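Chains as they are written, first to last, in UniProt numbering: chain L, 1 to 408; chain A, 1 to 408.
Number of protein chains: 2
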Amino acid sequence: MLHFVSKRLLCSFRPRTTRVKWSPALTALLQVHFQSTVAADNNNRTDIDHNRIKIHRSERLKPIVPNKDLVFGRIFTDHMLNIEWYKENGWHDPIIKPYDKICLEPSAMVFHYSFECFEGLKAYKDKNGKIRLFRPEMNMKRFQRSAARISLPSFNEKELFKCLKELVRLEERWIPAERGFSLYIRPTLIGTQESLGVGPTTRSLLFIICSPVGPYYKTGFNAIELLATTENVRAWPGGTGDVKVGGNYAPCVKPQIEAAEKGYQQNLWLFGEDDEITEVGTMNCFALLKNEQVTPPLDGSILAGVTRDCILYLARSWNEFKVSERKITMSEVKTAAEKGRLLEMFGSGTACIVSPIKGIHYRGLNIEVPLDSNNPSNQTGPITKRFADTLMGIQYGEIPHEWSVVLN
Amino acid sequence: MLHFVSKRLLCSFRPRTTRVKWSPALTALLQVHFQSTVAADNNNRTDIDHNRIKIHRSERLKPIVPNKDLVFGRIFTDHMLNIEWYKENGWHDPIIKPYDKICLEPSAMVFHYSFECFEGLKAYKDKNGKIRLFRPEMNMKRFQRSAARISLPSFNEKELFKCLKELVRLEERWIPAERGFSLYIRPTLIGTQESLGVGPTTRSLLFIICSPVGPYYKTGFNAIELLATTENVRAWPGGTGDVKVGGNYAPCVKPQIEAAEKGYQQNLWLFGEDDEITEVGTMNCFALLKNEQVTPPLDGSILAGVTRDCILYLARSWNEFKVSERKITMSEVKTAAEKGRLLEMFGSGTACIVSPIKGIHYRGLNIEVPLDSNNPSNQTGPITKRFADTLMGIQYGEIPHEWSVVLN
Numbered sequence: 001m002l003h004f005v006s007k008r009l010l011c012s013f014r015p016r017t018t019r020v021k022w023s024p025a026l027t028a029l030l031q032v033h034f035q036s037t038v039a040a041d042n043n044n045r046t047d048i049d050h051n052r053i054k055i056h057r058s059e060r061l062k063p064i065v066p067n068k069d070l071v072f073g074r075i076f077t078d079h080m081l082n083i084e085w086y087k088e089n090g091w092h093d094p095i096i097k098p099y100d101k102i103c104l105e106p107s108a109m110v111f112h113y114s115f116e117c118f119e120g121l122k123a124y125k126d127k128n129g130k131i132r133l134f135r136p137e138m139n140m141k142r143f144q145r146s147a148a149r150i151s152l153p154s155f156n157e158k159e160l161f162k163c164l165k166e167l168v169r170l171e172e173r174w175i176p177a178e179r180g181f182s183l184y185i186r187p188t189l190i191g192t193q194e195s196l197g198v199g200p201t202t203r204s205l206l207f208i209i210c211s212p213v214g215p216y217y218k219t220g221f222n223a224i225e226l227l228a229t230t231e232n233v234r235a236w237p238g239g240t241g242d243v244k245v246g247g248n249y250a251p252c253v254k255p256q257i258e259a260a261e262k263g264y265q266q267n268l269w270l271f272g273e274d275d276e277i278t279e280v281g282t283m284n285c286f287a288l289l290k291n292e293q294v295t296p297p298l299d300g301s302i303l304a305g306v307t308r309d310c311i312l313y314l315a316r317s318w319n320e321f322k323v324s325e326r327k328i329t330m331s332e333v334k335t336a337a338e339k340g341r342l343l344e345m346f347g348s349g350t351a352c353i354v355s356p357i358k359g360i361h362y363r364g365l366n367i368e369v370p371l372d373s374n375n376p377s378n379q380t381g382p383i384t385k386r387f388a389d390t391l392m393g394i395q396y397g398e399i400p401h402e403w404s405v406v407l408n
Numbered sequence: 001m002l003h004f005v006s007k008r009l010l011c012s013f014r015p016r017t018t019r020v021k022w023s024p025a026l027t028a029l030l031q032v033h034f035q036s037t038v039a040a041d042n043n044n045r046t047d048i049d050h051n052r053i054k055i056h057r058s059e060r061l062k063p064i065v066p067n068k069d070l071v072f073g074r075i076f077t078d079h080m081l082n083i084e085w086y087k088e089n090g091w092h093d094p095i096i097k098p099y100d101k102i103c104l105e106p107s108a109m110v111f112h113y114s115f116e117c118f119e120g121l122k123a124y125k126d127k128n129g130k131i132r133l134f135r136p137e138m139n140m141k142r143f144q145r146s147a148a149r150i151s152l153p154s155f156n157e158k159e160l161f162k163c164l165k166e167l168v169r170l171e172e173r174w175i176p177a178e179r180g181f182s183l184y185i186r187p188t189l190i191g192t193q194e195s196l197g198v199g200p201t202t203r204s205l206l207f208i209i210c211s212p213v214g215p216y217y218k219t220g221f222n223a224i225e226l227l228a229t230t231e232n233v234r235a236w237p238g239g240t241g242d243v244k245v246g247g248n249y250a251p252c253v254k255p256q257i258e259a260a261e262k263g264y265q266q267n268l269w270l271f272g273e274d275d276e277i278t279e280v281g282t283m284n285c286f287a288l289l290k291n292e293q294v295t296p297p298l299d300g301s302i303l304a305g306v307t308r309d310c311i312l313y314l315a316r317s318w319n320e321f322k323v324s325e326r327k328i329t330m331s332e333v334k335t336a337a338e339k340g341r342l343l344e345m346f347g348s349g350t351a352c353i354v355s356p357i358k359g360i361h362y363r364g365l366n367i368e369v370p371l372d373s374n375n376p377s378n379q380t381g382p383i384t385k386r387f388a389d390t391l392m393g394i395q396y397g398e399i400p401h402e403w404s405v406v407l408n
């Protein structure tokens with residue numbers, strides 16, 4: 001914008017203020033001056049700048065939804081954060097405004113070529129009423145990586161995080177003050193250029209919306225049974241399985257429906273000729289063997305989950321069993337189950353923290369996964385529960401830990 | 001909608017018209033009656049019905065853009081077709097209305113999980129002023145397959161095609177009457193439910209927009225040089241490489257940019273340890289060897305292109321060389337080039353028909369692909385050109401063929 005203002009100024013100079021004799025040299029000099037001003041200004045405006053945030057408060061606040069009525073990702077707060085990006089001049093001023101529709105031309109690239117990536121993190125209210133976030137810098141970094149993979153613009157993560165905090169502070173009344181409840185925060189970046197040509201977008205919109213959510217399992221843990229998916233593949237080396245781009249998700253629904261139709265709660269993703277385990281539904285996957293905890297390695301085809309990272313860190317700090325990031329095949333799981341060496345299995349993710357697994361249907365076989373041998377009525381194994389309790393304790397500030405960031 | 005009306009009717013019955021003694025049995029009876037009415041009605045309304053189309057003509061038609069100013073997918077016509085789908089009652093009435101923005105909640109699933117698939121086909125104006133489409137039934141069928149792969153609703157292809165024709169007829173003035181020019185038609189289906197849960201959408205929007213386009217190469221053919229992509233992989237068996245879903249496209253841009261930065265016009269997609277050729281940019285790929293034309297088989301990881309299918313059909317009907325759908329590796333292409341057995345290579349797609357290839361940069365090697373040995377200044381090999389001329393002849397109705405469908 002200022003680019004054009006300066007150009008106009010330059011043009012208007014010539015006819016009006018000609019007391020000194022106007023020379024081509026002077027024109028050139030002034031042009032250089034203005035161009036460098038413009039460049040500096042563009043540089044200043046290129047990245048997200050929290051100091052330039054504008055806040056338009058909603059005049060009609062919605063009624064808060066009671067905790068018992070919350071369904072994941074269906075209720076949204078009063079405001080949203082919008083930041084537009086243009087190839088010519090970078091990121092525009094961040095705007096917090098009433099939660100409202102996004103209106104785009106039908107040719108907007110996000111509708112055709114999936115220029116879209118997102119993040120998911122939560123804000124918690126602790127016993128002292130303080131707002132806490134959980135390892136938000138990991139989400140900001142991954143958001144950046146996801147954007148880069150699909151050629152969406154990069155941004156200053158720290159400035160974006162400041163804007164995010166501003167929004168969360170404004171929506172404080174929406175953060176449920178009950179253990180197990182939280183405010184789910186969804187930063188999203190979409191390509192909005194009006195063009196059917198396949199190429200990098202010249203225009204983008206970053207927005208953040210917030211949704212109050214309840215515990216994944218309303219009545220405590222419910223161990224799930226999985227159907228191993230053998231027809232479809234979630235991701236592959238050189239693809240996009242390690243980033244949170246929209247394109248990874250819609251194709252997951254078919255195997256999910258197939259699993260549900262056969263009575264399974266989720267599908268288990270496999271890869272390769274030897275049926276390596278990769279993910280479970282939209283979660284990372286862990287197997288606890290005798291003396292070893294195994295999760296697939298970050299080889300480019302699985303998502304680097306924040307919860308996954310926490311579980312590995314906690315397990316290593318406990319130093320009670322071997323902690324491995326390595327390939328694990330269905331054949332190994334099957335044999336371990338047969339020989340009593342499979343102790344527990346679970347999925348991990350931001351939505352559920354951990355999700356205990358009680359069985360896998362795999363190529364006609366039913367593999368039973370133990371839960372709690374001491375208490376068969378329990379819906380979770382003891383280690384799985386320990387991860388859940390520890391992580392929740394940290395998230396709600398009951399266990400002091402640097403992962404939990406208090407919002408100032 | 002009617003479902004709710006009936007329910008309301010049912011409720012209002014009870015308090016008001018109680019002359020006969022109201023019994024649970026009567027309630028049940030009435031409920032059955034209303035439910036079956038609703039079911040019948042739902043059945044009637046479930047699919048797309050061209051007879052119910054509503055047309056709202058634009059009051060301010062845009063000026064037609066001169067052919068010379070057309071850029072692919074940037075100019076759009078005056079109207080668009082919209083058909084909404086709801087899980088409860090299926091497809092609503094098709095509506096043709098002025099081309100306008102699509103307004104969705106920021107939580108609409110299309111923005112987060114890439115519930116989006118599309119098609120691309122063209123309308124041509126022949127010498128007699130007749131409008132012609134090219135094998136549109138193939139696009140309708142593939143559109144259906146794409147939708148199914150990402151759990152979007154199915155539809156009656158024939159009824160949708162009737163609606164599409166209605167739109168094209170209305171936009172007749174936008175179809176350029178010049179050989180090489182056409183009206184690009186873009187049917188798109190998106191999931192619009194307002195939910196952050198990953199699962200099948202309960203609400204969708206099918207829309208069709210149209211864009212007048214020029215020839216892919218304004219000054220005749222321009223043979224392209226390719227950079228073989230070895231870091232990223234486009235698709236995988238069990239993935240979505242054989243359907244036109246949005247998620248296949250955004251991740252393609254990074255290798256495209258890498259190719260462009262090194263001076264290549266497109267990237268060549270490879271697969272597997274032996275570097276099989278799969279696609280070129282967003283096109284199918286053909287190699288002409290001595291006595292054999294080779295294109296990768298439809299093994300689930302490449303798109304079943306309409307132009308690809310035409311080329312195979314034409315080549316087989318010519319019966320001059322062997323026509324193979326088989327795996328072809330870079331090593332085979334390299335050896336063939338070295339031994340003078342590589343005659344021509346080209347990409348194929350709706351946008352360009354064919355795109356001649358003059359070279360491939362592959363793992364440090366430059367593989368030269370011959371163009372026309374009789375006329376080195378030509379930008380295309382003779383067989384490549386023959387495919388282009390034949391297909392264009394059919395598309396513009398100069399060569400009579402059942403592929404070209406005159407719009408009545």
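All C-beta atoms, glycine included, are put in the ideal place defined by N, C-alpha and C.
Model, not experiment: these values are computed from the prediction.
Starting from residue i, trace the beta strand (DSSP E) in both directions and tell me its first and last residue.
i, result
"A/Glu-261", "Where A/Glu-261 is concerned, there is no enclosing beta strand (DSSP E), although the alpha helix (DSSP H) it sits in stretches over 253-261."
"A/Val-306", "Premise fails: A/Val-306 lies in the alpha helix (DSSP H), 306-318, not in any beta strand (DSSP E)."
"A/His-92", "No beta strand (DSSP E) contains A/His-92, which DSSP labels as neither H nor E."
"A/Leu-268", "266-271"
"L/Asn-366", "365-368"
Check whether chain L comes within 8 Å of residue i, counting only Cβ atoms and requiring the distance to be less than that.
i, result
"A/Asn-408", "no"
"A/Pro-231", "As written in the sequence, residue 231 of chain A is Glu, which differs from the Pro given in the question. At least one chain L Cβ lies under 8 Å of A/Glu-231."
"A/Phe-143", "no"
"A/Thr-188", "yes"
"A/Ile-96", "no"
"A/Pro-63", "no"
"A/Trp-236", "yes"
"A/Pro-200", "yes"
"A/Gln-395", "no"
"A/Pro-106", "yes"
"A/Lys-101", "yes"
Starting from residue i, follow the alpha helix (DSSP H) in both directions and report where the run begins and ends.
i, result
"A/Met-283", "Run containing A/Met-283: none in the alpha helix (DSSP H); it sits in the beta strand (DSSP E), 283-289."
"A/Gly-393", "382-395"
"A/Glu-105", "Here A/Glu-105 belongs to no alpha helix (DSSP H), and DSSP marks it neither H nor E."
Assuming residue i contacts residue j under a Cβ cut-off of 8 Å, what Cβ separation, rounded to an integer in Å, is found between them?
i, j, result
"L/Leu-342", "L/Ala-388", "Actually they are not in contact, since the Cβ atoms of L/Leu-342 and L/Ala-388 sit about 19 Å apart, beyond 8 Å."
"A/Gln-395", "A/Tyr-124", "5 Å"
Going by beta carbon distance, what residues of the same chain come within less than 6 Å of residue i, once the five residues before and after it are set aside?
i, result
"A/Arg-142", "none"
"L/Gly-300", "Pro-237, Asp-242"
"L/Pro-153", "Trp-85, Ser-204"
"A/Gly-397", "Asp-126, Arg-132, Ser-404"
Can you find the residues in the same chain that come closer than 7 Å, C-beta to C-beta, to residue i, ignoring five residues on each side of it along the sequence?
i, result
"L/Ser-348", "Met-283, Asn-284, Phe-286, Gly-305, Thr-307, Arg-308, Ile-311, Val-354"
"A/Val-198", "Tyr-113"
"L/Ala-25", "For L/Ala-25, the pLDDT reaches just 45, beneath the cut-off of 50, and the residue's location in the model is therefore unreliable, leaving the point undetermined."
Between residue i and chain A, is any beta-carbon pair separated by less than 8 Å?
i, result
"L/Thr-240", "yes"
"L/Lys-327", "no"
"L/Trp-85", "no"
Compare the C-beta of residue i against all C-beta atoms of chain C and say whether one is closer than 8 Å.
i, result
"A/Cys-252", "Here chain C cannot be found, since the structure's protein chains are L and A."
Taking 8 Å as the limit between beta carbons, can you name the residues of its chain near residue i, skipping five residues before and five after?
i, result
"A/Leu-407", "Ala-123, Lys-130, Ile-131, Arg-132, Leu-133, Lys-165, Val-168, Arg-169"
For the ligand FMN, is there a heavy atom less than 7 Å away from the beta-carbon of residue i?
i, result
"L/Gln-193", "With respect to the ligand FMN, the structure shown offers nothing to examine, as it has no ligands at all."
**Report entry** At least 3 beta-carbon pairs within less than 8 Å: the stretch 99-113 of chain A vs the stretch 234-245 of chain A
**Finding:** no
Requested in this report: Report yes or no: do the stretch 188-203 of chain A and the stretch 106-125 of chain A share at least 3 C-beta pairs separated by less than 8 Å?
Outcome: yes
Query raised in the report: So, do the stretch 59-79 of chain A and the stretch 205-221 of chain A have three or more beta carbon pairs nearer to each other than 8 Å?
Result: yes
Query raised in the report: Quick check: the stretch 334-350 of chain L against the stretch 289-308 of chain L, are there 3 or more CB pairs under 8 Å?
Result: The stretch 334-350 of chain L is in contact with the stretch 289-308 of chain L.
Query raised in the report: Are the stretch 197-208 of chain L and the stretch 74-93 of chain L touching, with three or more C-beta to C-beta distances below 8 Å?
Result: yes
Query raised in the report: Counting Cβ pairs closer than 8 Å, one from the stretch 220-232 of chain A and one from the stretch 376-384 of chain A, do we hit at least three?
Result: Touching, yes, given that three or more Cβ pairs across the two stretches are closer than 8 Å.
Query raised in the report: Touching or not, the stretch 177-187 of chain A and the stretch 45-60 of chain A, by the rule of three or more beta carbon pairs under 8 Å?
Result: Segments in contact, no.
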